[in-house]
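Start counting the sequence shown at 4; every next residue gets the next number (the numbering used here).
Beta carbons are placed, not taken as given, at the ideal position from N, Cα and C, and that holds for glycine.
Values in this document were obtained by computation on a predicted structure and should not be read as measured data.
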Amino acid sequence: MKILVSSGPSFGLYFPVVPLAWALRAAGHEVLVASPESMAATVNGSGLPHVATYGPMHMREVMLHDRAGNPLAQASTEEGLLEQVGRGFGRLAARTLDGMLAITEAWKPDAIIGEAHAFSAGVAAKLHGIPWFENGIGIGYRSDIDGWTAQEFAPELEKLGFDALPHPDLVLDTCPAIIHPADVRDNVVAGQPMRCVQYDTPAPVPSWVFEKRDRPRIMITLGTILPNSPAGPAIFNELVRTLPSLGVELVLAMPDEAVAKLAPLPDAVVAAGWMPLTSVLPACDLTVHHAGGGSTMSSLIAGLPQLLAPGVMAEQRDSAQRLCDFGAARQLQSQEVEPAEVLEACRALLEDASYTDRASELKQAIEEMPSPGAVVPVIEDFVRHRAVGAAEETE
């Protein structure tokens, strides 16, 4: 088969699709990745071929600028955020639509696989009568943004004869069933469980991962925004000063330039830079992060309790709440990261074994899900049956 993989201009959108793309390639299928030009080096670095659907583009620019390129203010309310993200995905679909249609017409894939909200891929698949598979990302899908996406993408949809956003033919769902949210799409879209296998940009694994240790280890990774914000250094200096009082080793997963802004680090603190989380988290006992999809799923796969400081994205807050409700995480209650609150939450997560027990339940649930390799035959059968049905209709 020929499989076209669609992705937006973001590591968080592309990396979750890589394991399935490689499983398909290892099974003997042709795989081509279609995404904006700015992702070419990242895609090629993952060992897969790339074709551009659009010129250089970055996700933040799509989300915070209208179609005419005018800057948009960052929304501050829940409803405003949902609209901003939904319309951003609509603009992304509109920009990449012509490229996706041209690539599909020229390469003639047997199926298209894309991450959630890859609606230009969905339109291309529907117009060419081939299956569209959605590769799940993280543990949440916010269908409540789809109305805004549909409004923004409406001119292109109407021109091509669509009266609504297309639905995927099958969702390859990476969310463990025990924390799966109810969603309005459940009644109209079929789902196939698939284990989340994390892909990271390859990098050397630090030696401390394999060394014996006599105290718990906490990893802090709060994305790129907080470490580089004006208040970031002061917050991290306080965390570095207070958290070792718990009798722990603290690992800072943050850029070297951000570490350079901090005071000299105590012996109990390791500045690790950016690293492949899947390689280092098994050597940790707790993670502190912003509830992004990659950090969340990597921590779940490692069976670690989590302290979450969700950002402005609705998906982050939704994921954080569900993990807290399950008992595998705690969430910072203040809008700003308060070191004293972090200290007490970390103490509770380390001392109360129930958090680790619940995190272990999630780890086991993920391990029991079919791997991407095991899902390949499901995709093959689906494509085969669709092709047979199409052939019978033409007879």
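Take the Cβ of residue i as the centre, count every other Cβ of all protein chains shown within 10 Å, and call the residue buried at 16 or more, exposed below.
i, result
"residue 391", "exposed"
"residue 318", "buried"
"residue 388", "exposed"
"residue 87", "buried"
"residue 20", "buried"
"residue 239", "buried"
"residue 309", "buried"
"residue 107", "buried"
"residue 378", "buried"
"residue 298", "buried"
"residue 213", "exposed"
"residue 267", "exposed"
"residue 63", "exposed"
"residue 82", "exposed"
"residue 158", "exposed"
"residue 252", "buried"
"residue 228", "Legend: pLDDT at residue 228 = 49, less than 50; position of this residue unreliable, no value from coordinates given."
"residue 371", "exposed"
"residue 181", "exposed"
"residue 259", "exposed"
"residue 216", "exposed"
"residue 335", "buried"
If you reduce the DSSP assignment to three classes, tell me which class residue i lands in.
i, result
"residue 18", "helix"
"residue 208", "coil"
"residue 70", "coil"
"residue 105", "helix"
"residue 388", "helix"
"residue 55", "strand"
"residue 87", "helix"
"residue 380", "helix"
"residue 48", "helix"
"residue 194", "strand"
"residue 23", "helix"
"residue 274", "strand"
"residue 38", "strand"
"residue 75", "coil"
"residue 148", "helix"
"residue 142", "coil"
"residue 366", "helix"
"residue 265", "coil"
"residue 215", "coil"
"residue 321", "helix"
"residue 423", "Outside the shown range of the chain, which is 4 to 398, sits residue 423, and nothing can be said about it."
"residue 306", "coil"
Pull up the DSSP beta-bridge partners for residue i, would you.
i, result
"residue 135", "115"
"residue 33", "5"
"residue 334", "311"
"residue 221", "253 and 289"
"residue 154", "BP columns for residue 154 are empty, so no partner."
"residue 393", "For residue 393, which the question treats as bridged, DSSP gives no partner whatsoever."
"residue 174", "137 and 194"
Nearest to residue i by CA position, among the options, is which residue?
i, options, result
"residue 45", "91, 205, 212 and 101", "205"
"residue 257", "287, 223, 286 and 240", "223"
"residue 119", "171, 30 and 309", "171"
"residue 201", "15, 42, 6 and 8", "15"
"residue 386", "32, 324 and 58", "32"
"residue 369", "332, 304, 351 and 354", "304"
"residue 130", "169, 343 and 139", "169"
"residue 166", "194, 126 and 289", "126"
"residue 27", "72, 220, 137 and 5", "5"
"residue 250", "51, 270, 155 and 56", "270"
"residue 302", "41, 359, 272 and 83", "359"
"residue 65", "92, 56, 58 and 76", "92"
"residue 17", "29, 323 and 41", "41"
"residue 221", "82, 22 and 348", "348"
"residue 381", "160, 174, 162 and 100", "174"
"residue 293", "96, 340 and 276", "340"
Answer yes or no: do residue i and residue j have a C-beta to C-beta separation smaller than 8 Å?
i, j, result
"residue 90", "residue 151", "yes"
"residue 110", "residue 35", "yes"
"residue 124", "residue 115", "yes"
"residue 9", "residue 139", "no"
"residue 345", "residue 242", "yes"
"residue 39", "residue 60", "yes"
"residue 375", "residue 23", "yes"
"residue 262", "residue 274", "yes"
"residue 361", "residue 331", "yes"
"residue 307", "residue 326", "no"
"residue 102", "residue 393", "no"
"residue 196", "residue 278", "no"
"residue 219", "residue 353", "yes"
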